Amino acid sequence: MTARPRTHFKTLMTCAVLAILALAGCGKSVSQSAAEMAVSAASGGKVDVTQSGDKSQVSIKTDQGTSTVSSGNNVPLPKDFPSDVHLPASYTIKSAIQSGPMTMLVMHTPAAMQALYSEYDGSMKSGGWTEAMAMQSSQSESVLSFQKDRRNVTVSITASTDADGGSDVSLQSVTEQK
């Protein structure tokens with residue numbers, strides 16, 4: 041990936057996140073229209089911001105493709121999420137970002153970090169994924185990375201600071217471009 045698409049992606053995601061933050065607690069109103077116009081001006085693309093209850097979604101369509109950021113208490117799994125990428129037995133998606141060949145999920149699960157680390161390690165390997173990296177830097181943080189075909193998955197697991205405990209998981213799935 042060249043510097044330009046990476047910079048473009050960062051700009052789009054920053055704009056989308058700012059729009060979601062601006063909409064917190066608001067319906068489709070003047071503030072939503074203002075957020076759409078601001079993101080559109082910053083990205084140069086067509087922007088659609090929707091909100092329903094505690095869920096918000098920002099879609100940005102440019103000549104380079106569509107990027108979508110969804111957030112809320114229980115965001116649905118993206119329809120085209122790869123079926124061979126392991127997900128915890130019980131989880132809630134807090135945000136999902138899709139941009140070109142990349143999908144990123146931020147999840148919460150009641151599972152303990154160590155158990156989740158072992159679960160991902162075993163499940164991904166048994167699913168034909170090759171471990172590229174495994175690191176546990178402390179009792180509260182670990183990272184695993186896997187490769188299969190032209191795809192890469194990185195899983196970051198941290199012990200949750202929420203009152204209910206469990207773990208927070210950041211999962212990124214990327215398909216390398218030819």
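Sequential numbering of the sequence shown, starting at 41, is according to the working numbering.
We treat Cβ as the ideally placed atom computed from N, Cα and C, and that holds for glycine.
These numbers were taken from a predicted model, which means no experiment stands behind them.
Start-to-end residues for the beta strand (DSSP E) that takes in residue i
i	result
residue 117	Where residue 117 is concerned, there is no enclosing beta strand (DSSP E), given that its DSSP letter is neither H nor E.
Backbone secondary structure at residue i - three-state DSSP
i	result
residue 208	strand
residue 159	helix
residue 91	strand
residue 123	coil
residue 130	coil
residue 217	coil
residue 42	Note that residue 42 scores 42 on pLDDT, short of 50, meaning its location in the model is unreliable and no value can be drawn from it.
Counterpart residues of residue i in DSSP-defined beta bridges
i	result
residue 105	102
residue 182	176 and 197
residue 135	111 and 146
Residue i CB to nearest heavy atom of the ligand FAD below 7 Å
i	result
residue 163	With respect to small molecules bound, the structure shown includes none, and the ligand FAD cannot be examined in it.
message = When you compare the region 196-207 with the region 176-184, are there three or more beta-carbon pairs, one atom per stretch, that lie closer than 8 Å?
response = Because the criterion of three Cβ pairs below 8 Å is met, the region 196-207 and the region 176-184 touch.
ask   = Taking contact to mean at least 3 C-beta pairs separated by less than 8 Å, is the region 127-134 in contact with the region 93-106?
value = no
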